[in-house]
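In our numbering, the protein residues as written are 6 to 176. Glycine included, C-beta positions come from ideal geometry on N, C-alpha and C. So the structure is just underneath, and the comments pick up after that.
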């Protein structure tokens with residue numbers, strides 16, 4: 006379960022200031038990173054993660070964020086291709102883990118913006134009943150998987166520690 010850090014304008018929560026500081030540091034740390042920027046209309050009583058964030062919609066963007074700053078409670082940023090500064094003032098911020106920020110706007114109570122660091126997507130190679138070979142290499146080995154159907158050969162170099170871990174995990 007991801008940790009959720011919440012800041013709300015005018016809240017009497019004793020952690021509100023510390024939460025805002027944590028969220029501000031996260032926002033400022035986005036400089037030079039690619040982010041997804043999505044906005045949705047969400048009923049006030051629904052959690053933001055229940056909104057339909059996928060598939061991308063009309064105003065969704067992916068861009069590299071430049072100069073993210075917090076001044077007062079307003080979030081500022083720009084992009085390398087459009088250096089003019091943009092801003093938004095939140096009524097509430099929710100940081101989910103270290104990868105997603107939900108911004109509830111002061112100006113539009115039914116709109117929430119999700120700023121997220123895109124997830125790493127791995128290419129998956131599926132081999133059906135491949136031939137397996139273990140070639141000694143120093144203290145570890147190189148695992149070779151050959152699939153004669155797809156004509157794919159995959160080589161995986163394992164250190165001695167990684168090989169020991171693999172042996173523990175095999176049934």
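query = With 16 other CB atoms within 10 Å as the buried threshold, where does residue 73 fall?
reply = buried
key: Three CB pairs or more closer than 8 Å across the stretch 57-64 and the stretch 91-99   = no
For residue 57, the first and last residue of its enclosing alpha helix (DSSP H) = Premise fails: residue 57 is in no alpha helix (DSSP H) and is neither H nor E.
key: Where the beta strand (DSSP E) containing residue 103 begins and where it ends   = Residue 103 -> no beta strand (DSSP E), and no H or E assigned at all.
key: residue 140, enclosing alpha helix (DSSP H) - first and last residue   = Not the alpha helix (DSSP H): residue 140 falls in the beta strand (DSSP E), residues 136-142.
Per-residue burial, residue 67 [other beta carbons within 10 Å of its own, 16 or more giving buried] = exposed
task = Leaving aside the five residues before and after residue 24 along the sequence, list all residues of the same chain whose C-beta is less than 7 Å from its C-beta, in chain order.
result = 10, 11 and 12
key: Beta-carbon proximity list for residue 14, same chain, < 6 Å, skipping 5 on both sides   = 96
ask   = Three-state secondary structure (DSSP) at residue 130?
value = coil
inquiry  = Quick check on the DSSP output: the alpha helix (DSSP H) that includes residue 29 runs from which residue to which?
reply    = 21-33
Reference residue 145, options 81, 55, 174 and 170, closest by Cα = 170
request  = Could you please give the first and the last residue of the uninterrupted beta strand (DSSP E) stretch that includes residue 13?
outcome  = 9-13
message = Less than 8 Å between the C-beta atoms of residue 132 and residue 152, yes or no?
response = yes
task = Evaluate residue 231 with the Cβ neighbour count: other Cβ atoms within 10 Å of its Cβ, from every protein chain shown; 16 or more gives buried, anything less gives exposed.
result = Residue 231 falls outside the range modelled here, since the chain spans only 6 to 176, and no answer is possible.
key: Whole-Å CB distance - residue 80 paired with residue 93, under 8 Å assumed   = 5 Å
ask   = Are residue 116 and residue 46 closer than 8 Å when you measure CB to CB?
value = yes
inquiry  = Classify residue 173: buried if its beta carbon has 16 or more other beta carbons within 10 angstroms, exposed otherwise.
reply    = exposed
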